[in-house]
Amino acid sequence: MDKHKEKQRQSCVQRAVQHIRRNRCGTASLLLLAVGAVILLLVQSGGVSWLTDAPISQPGRVLLVTAHPDDEVIFFSSSVTALHAAGAEVFLLCLTSGDAHGLGQQRVLELEKAAQALGIDRDHLTILNDTRIQDGHHEIWEQEYVAGIVAAEVDVRDINTIITFDPMGVTGHINHEGCYTGVRYYLTVCRRQGVDCPAGWSLTTTEELRTYSSLLDILPSALESKGSEDAAMYTNHDLYGMFRAMSAHKSQSRWWKHVLVTRYTFVNTLRRITPLVFDWTMPLPMPDLARKLPSSQVPGQAPRPAANPQLESNVHLRHEEVSEAADRRGKFMARLSRRIIKSRTHL
Ligand SMILES: [Zn+2]
């Protein structure tokens, strides 16, 4: 009986070896994966001087601005896990509940679990359910309004580093681009004030070949990030946490195949966001963006109708106060924007 089992086991192993020999593509993939894993180990062990993470200097309290529940895992898990490993505190502002297909309620709960798996505390998480910022490929967000929300969040959380998408948004999704334009607008107004502004960083979108190079993309990423104050690179420091976080997004399981093969799972490269250029001599009013917004001082007006009223009980954490503050700041920034455009027209 034992001999029979032994024979069966040997034939299993032989079959597997024969299968790998026949399937050269599979063998090559396995080899490349192994090489990539070695590179990741080298980066994180610090064994090779030029092949290490290139961190943001003094990230401190970091605000990650995303558009949908799952963005934080699919695109930013490398940054989040590396920042945690470096002792930074990470806050997540997700601008929608991901309700484009009516799954908002479920996706909010999934995001809460996923954030926890990535080490983001529940009270470090803000998910909005706002009529003016809707999830969808055709939803264009006002940059002034998003900037107002970011400003309120920065004030309340005492943030000194913001990370978000770049203008291409990795996938080209218009909501990802909306995150970038909102953050850039906020940084522009903040800098114009002359106060101490947070540093803004965007996740670099790479071309397709690099995107699907998985772990191997760590090498070119390390080379392009070295020696520049405006570039940073983070490798994933908690792959197990990332897998648990992705597993929490049950409604998004179709994206697993991308998570397993794209570079973003294993490495993030970030670029410093350059504020908009405008006429610096124009006398513009200065909003008091540095002022803290304690919740007791937020006017207790009735909140605007939510994008999905069913979500109101689940979408939480200062949603109303952030939205109210954003509304006030959004209006101010809209006025400011008009004056900037006016000043450009005169030039
Ligand atoms: Zn997204």
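Residues in the sequence shown are numbered from 25 upward in steps of one, following the numbering used here. Quick reminder that beta carbons are idealized off the backbone N, C-alpha and C, glycines included. Every value quoted in this text rests on a predicted model; they were computed, and no experiment measured them.
- Within its own chain, the residues whose Cβ lies closer than 6 angstroms to the Cβ of TYR258, once the five positions on either side in sequence are excluded, are ASP77, SER102, SER103, ALA106 and ASN292, listed in chain order.
- In terms of CA proximity to THR188, THR205 leads the group SER271, PRO79, LEU300 and THR205.
- With respect to VAL283, ILE63 sits apart: the two C-beta atoms are not nearer than 8 angstroms.
- In the DSSP assignment, MET257 is bridged to ALA78 and THR293.
- Those residues that have a beta carbon less than 5 angstroms away from any non-hydrogen atom of ligand 1 are, in order along the chain, ALA91, HIS92 and ASP95.
- HIS273 places its beta carbon less than 8 angstroms from that of ALA138.
- If you draw a straight line from the Cα of THR298 to the Cα of ALA256, it is about 15 angstroms long.
- THR155 counts as exposed, since fewer than 16 other C-beta atoms from the protein chains shown sit within 10 angstroms of its C-beta.
- Its chain contains THR188, PHE189, ASP190, TYR204, LEU294, ARG295 and ILE297 as the residues whose beta carbon lies nearer than 7 angstroms to that of SER226, once the 5 sequence neighbours on both sides are disregarded; these appear in chain order.
- As the crow flies, the alpha-carbon of ALA223 is around 34 angstroms from that of LEU127.
- MET192 and LEU54 have their C-alpha atoms spaced approximately 31 angstroms apart.
- Per DSSP, ARG146 has no beta bridge partner at all.
- At the C-beta level, GLU177 and LEU117 come within 8 angstroms of one another.
- Of all alpha-carbon atoms in TYR209, MET266 and SER271, the one lying nearest the alpha-carbon of TYR288 is that of MET266.
- In this structure LEU243 is not in contact with ILE183, their Cβ atoms being roughly 32 angstroms apart against a cut-off of 8 angstroms.
- In terms of Cα proximity to ILE151, the closest of LYS250, GLU166 and VAL174 is VAL174.
- For TRP225, DSSP records a beta bridge to ILE187 and ARG296.
- The alpha-carbon separation between HIS197 and LEU135 amounts to approximately 19 angstroms.
- According to DSSP, residue pairing for GLU113 in a beta bridge involves ARG85.
- Per DSSP, the continuous alpha helix (DSSP H) segment holding TYR204 begins and ends at 198-217.
- Secondary structure of ILE164 (DSSP, three-state): coil.
- Of the other Cβ atoms in all chains shown, 16 or more fall within 10 Å of the Cβ of ILE157; this residue is therefore buried.
- Within the same chain, LEU127, GLN130, ARG131 and GLU134 come within 7 angstroms of SER275 by CB-CB distance, once the 5 residues on both sides are set aside.
- Annotated three-state conformation of ASP154 is strand, per DSSP.
- Considering only THR195, ASP147 and THR286, the residue with the shortest C-alpha distance to LEU233 is THR286.
- ASN199 places its beta carbon less than 8 angstroms from that of HIS92.
- Look at THR90 here: in three-state DSSP terms it is strand.
- A Cβ-Cβ contact shorter than 8 angstroms links GLY60 with SER238.
- Looking at the backbone, the Cα of GLU168 and that of ASP179 are separated by about 16 angstroms.
- Excluding residues up to 5 positions away in sequence, GLU96, VAL104, VAL114, PHE115 and LEU116 lie with their Cβ nearer than 8 angstroms to the Cβ of ILE144 in the same chain.
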